[in-house]
Amino acid sequence: MKLTIVGTGYVGLVTGTCFAEMGNTVTCVDIDKDKIENLKNGVIPIYEPGLESMVARNVANKTLHFHTKLNECLHDCDMVFIAVGTPMGEDGSADLQYVLQVAKEIGQYMTSPLIVVDKSTVPVGTADKVKSTIDRELAKRGEAIEFHVVSNPEFLKEGDAISDFMKPDRVVVGTEDKKTAETMRRLYAPFFRSSMDRMLVMDVRSAEMTKYVANAMLATKISFMNEVANICELVGADVNKVRIGIGSDSRIGYSFIYPGSGYGGSCFPKDVKALKKTAEQNGYEAQLLNAVEDVNDRQKFVIADKVINHFGKDLSGRTFAIWGLSFKPGTDDMREAPSIYIIKKLTELGAKIQAYDPKAIHEAKSFYLKDVEGLSYADSKYEALKGADALLLLTEWKEFRSPDFGEIKSSLKESVIFDGRNQFDADRLDNLGFNYYQIGKKLAFKA
Numbered sequence: 002m003k004l005t006i007v008g009t010g011y012v013g014l015v016t017g018t019c020f021a022e023m024g025n026t027v028t029c030v031d032i033d034k035d036k037i038e039n040l041k042n043g044v045i046p047i048y049e050p051g052l053e054s055m056v057a058r059n060v061a062n063k064t065l066h067f068h069t070k071l072n073e074c075l076h077d078c079d080m081v082f083i084a085v086g087t088p089m090g091e092d093g094s095a096d097l098q099y100v101l102q103v104a105k106e107i108g109q110y111m112t113s114p115l116i117v118v119d120k121s122t123v124p125v126g127t128a129d130k131v132k133s134t135i136d137r138e139l140a141k142r143g144e145a146i147e148f149h150v151v152s153n154p155e156f157l158k159e160g161d162a163i164s165d166f167m168k169p170d171r172v173v174v175g176t177e178d179k180k181t182a183e184t185m186r187r188l189y190a191p192f193f194r195s196s197m198d199r200m201l202v203m204d205v206r207s208a209e210m211t212k213y214v215a216n217a218m219l220a221t222k223i224s225f226m227n228e229v230a231n232i233c234e235l236v237g238a239d240v241n242k243v244r245i246g247i248g249s250d251s252r253i254g255y256s257f258i259y260p261g262s263g264y265g266g267s268c269f270p271k272d273v274k275a276l277k278k279t280a281e282q283n284g285y286e287a288q289l290l291n292a293v294e295d296v297n298d299r300q301k302f303v304i305a306d307k308v309i310n311h312f313g314k315d316l317s318g319r320t321f322a323i324w325g326l327s328f329k330p331g332t333d334d335m336r337e338a339p340s341i342y343i344i345k346k347l348t349e350l351g352a353k354i355q356a357y358d359p360k361a362i363h364e365a366k367s368f369y370l371k372d373v374e375g376l377s378y379a380d381s382k383y384e385a386l387k388g389a390d391a392l393l394l395l396t397e398w399k400e401f402r403s404p405d406f407g408e409i410k411s412s413l414k415e416s417v418i419f420d421g422r423n424q425f426d427a428d429r430l431d432n433l434g435f436n437y438y439q440i441g442k443k444l445a446f447k448a
């Protein structure tokens with residue numbers, strides 16, 4: 002099929018590249034000329050394992066193309082995917098201006114029957130707005146071209162997006178038109194080797210709702226476990242053992258019940274707020290979602306509070322090494338990352354920070370932490386330790402999983418580790434003479 006993908010951000014670029022990998026002819030469109038030129042030259046704007054080589058391969062095979070003008074990409078096109086950003090508005094709702102601008106251009110320039118697919122994360126009712134926008138533009142032209150608007154939300158994990166797209170556990174398609182549903186089945190058929198049962202066709206509004214509810218459910222599990230972790234610490238229980246105890250229940254499972262410093266990224270914070278706003282706009286107070294968000298907001302400061310409890314409120318003259326800046330491993334994404342809040346709080350109290358992350362340092366320097374005084378960056382995890390009073394582990398990158406604790410101890414002024422991901426073995430670190438602080442477990446002893 003011939004596909005046009007509007008937007009070359011995380012969702013658009015992964016979607017377009019994976020469709021091209023399966024033999025479709027794909028053109029990715031973006032108004033950012035520099036980004037498009039870089040993509041043509043093999044420069045990828047995001048870090049996602051496996052994406053760079055896949056883009057290069059499909060560009061070489063002439064199945065993947067990049068363009069800046071949508072009007073030149075709608076001729077002889079079977080489908081156009083809207084994959085532009087839906088940033089959070091001031092009131093917490095999703096900002097649809099970019100989605101509707103694309104819809105407007107589609108209405109202005111389409112010349113033949115078309116399937117328009119909403120791939121962006123959008124609130125319930127967006128497909129109706131996209132349809133009415135296109136209809137309005139076609140009416141201005143005096144044209145009556147057939148088109149259908151489909152909701153096809155993405156369920157990609159940053160850091161594992163290629164695998165998620167190429168081997169999906171489900172594909173949700175929202176459409177009431179049988180012919181459109183069959184076309185979507187043909188498009189996704191190569192991704193299902195055995196059965197198409199994992200393609201779930203439903204009405205458009207249910208598909209739109211599914212995306213928000215999925216992310217809200219996962220965010221709820223995270224906040225619930227973090228709330229439990231805080232209670233465990235107060236009563237002297239070990240949340241690591243509690244997690245195993247409840248995760249063995251098949252009704253609960255182990256996914257998303259790891260205690261930590263709170264969720265971040267581009268999806269959960271924004272989507273929880275947007276779902277809350279949708280409820281509010283329909284006269285309903287989403288108390289559970291309010292609690293999920295409140296717990297997460299508090300959780301981002303738990304590690305900073307542990308540092309303050311150990312070293313005192315005046316951190317002048319103190320230096321802390323931080324391992325990990327991205328909101329999770331496998332990505333350079335720092336949107337709503339706990340590291341941002343922790344670093345800002347500690348530096349406001351006079352501390353200096355030596356930070357290391359294998360992929361996110363550029364993001365920190367250029368945007369998220371660019372104005373923070375007292376923050377410097379190291380080229381390696383061990384370089385970040387030199388002269389520091391303690392180590393804070395904030396992102397569980399693989400290279401942090403089995404470090405040389407002897408080198409850590411000799412590099413730090415004090416043998417103190419604050420682990421925001423409960424990654425290390427507490428008994429081992431106790432035996433090595435570390436003060437080892439975790440989430441959801443009392444410090445065994447203070448060296």
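Each residue of the sequence shown is one higher than the one before, starting from 2 at the first, in our numbering.
All C-beta atoms, glycine included, are put in the ideal place defined by N, C-alpha and C.
Just so we're clear, the structure is a prediction, and the values are computed from it rather than from any experiment.
* To do: Return the first residue and the last residue of the beta strand (DSSP E) that Asp119 is part of.
  => Leu115 to Asp119
* Using CA coordinates, which residue listed in Thr320, Val174, Asn297 and Arg186 is at the minimum distance from Ala352? -> Taking Ala352 as reference, the option from Thr320, Val174, Asn297 and Arg186 with the minimal CA-CA separation is Thr320.
* Asked: CB-CB under 8 Å to Glu286, same chain, minus the five flanking residues each way: which ones, in chain order?
  -> Non-local C-beta neighbours of Glu286 in its own chain, meaning closer than 8 Å and more than five positions away in sequence, comprise Ala280, ordered along the chain.
* Return the first residue and the last residue of the alpha helix (DSSP H) that Asp420 is part of. => Note, Asp420: premise wrong, no alpha helix (DSSP H); beta strand (DSSP E) at Val417 to Asp420.
* Cut-off 7 Å between Cβ atoms - residues of its own chain near Lys158, not counting five sequence neighbours on either side -> Asp165
* To do: Determine the direct distance from the alpha carbon of Phe156 to that of Val172, and round the result to whole angstroms.
  => 8 Å
* Identity of the residue in Ser113, Ile323 and Ala338 nearest Ser381 by Cα -> Ile323
* Asked: In three-state terms, what does DSSP make of Thr320?
  -> In the structure shown, Thr320 falls within a strand segment according to DSSP collapsed to helix, strand and coil.
* To do: Out of Ala238, Cys233 and Thr221, point me to the one whose CA is closest to Phe257's CA.
  => Thr221
* **From Ser133, Leu52 and Val100, residue whose alpha carbon lies closest to that of Asp119** => Ranking Ser133, Leu52 and Val100 by Cα distance to Asp119 puts Val100 first.
* Counterpart residues of Phe425 in DSSP-defined beta bridges -> None, per the DSSP bridge assignment.
* Asked: Under the rule that 16 or more other beta-carbon atoms within 10 Å means buried, what is Arg336, buried or exposed?
  -> Around the Cβ of Arg336, a 10 Å sphere holds 16 or more other Cβ atoms; the residue is buried.
* Cα-Cα separation, Leu235 to Ala215 -> 31 Å
* **Whole beta strand (DSSP E) elements within the region 293 to 318, 3-residue minimum** => Under the rule that a run must span 3 or more residues, no beta strand (DSSP E) segment is found entirely inside the region 293 to 318.
* To do: Within 10 angstroms of the Cβ of Ser249, are there 16 or more other Cβ atoms? Answer buried if so, exposed if not.
  => exposed
* Identify whether Leu188 lies in helix, strand or coil by the three-state DSSP scheme. => helix
* Asked: For Ala379, which of Asp372, Ala365 and Tyr369 has the nearest alpha-carbon?
  -> Ala365
* Check whether His68 and Thr28 have beta carbons under 8 Å apart -> yes
* Cutoff 7 Å; reference Glu138; Cβ partners in own chain excluding five residues on either side -> Lys105, Gly108 and Gln109
* To do: Ignore the nearest five residues each way along the sequence and tell me which others in Gly441's own chain have a CB closer than 6 Å to its CB.
  => Ala230, Cys233, Glu234, Val240 and Pro260
* Give the single residue among Tyr11, Lys70, Thr127 and Leu219 whose Cα lies nearest to the Cα of Asp96. => Thr127
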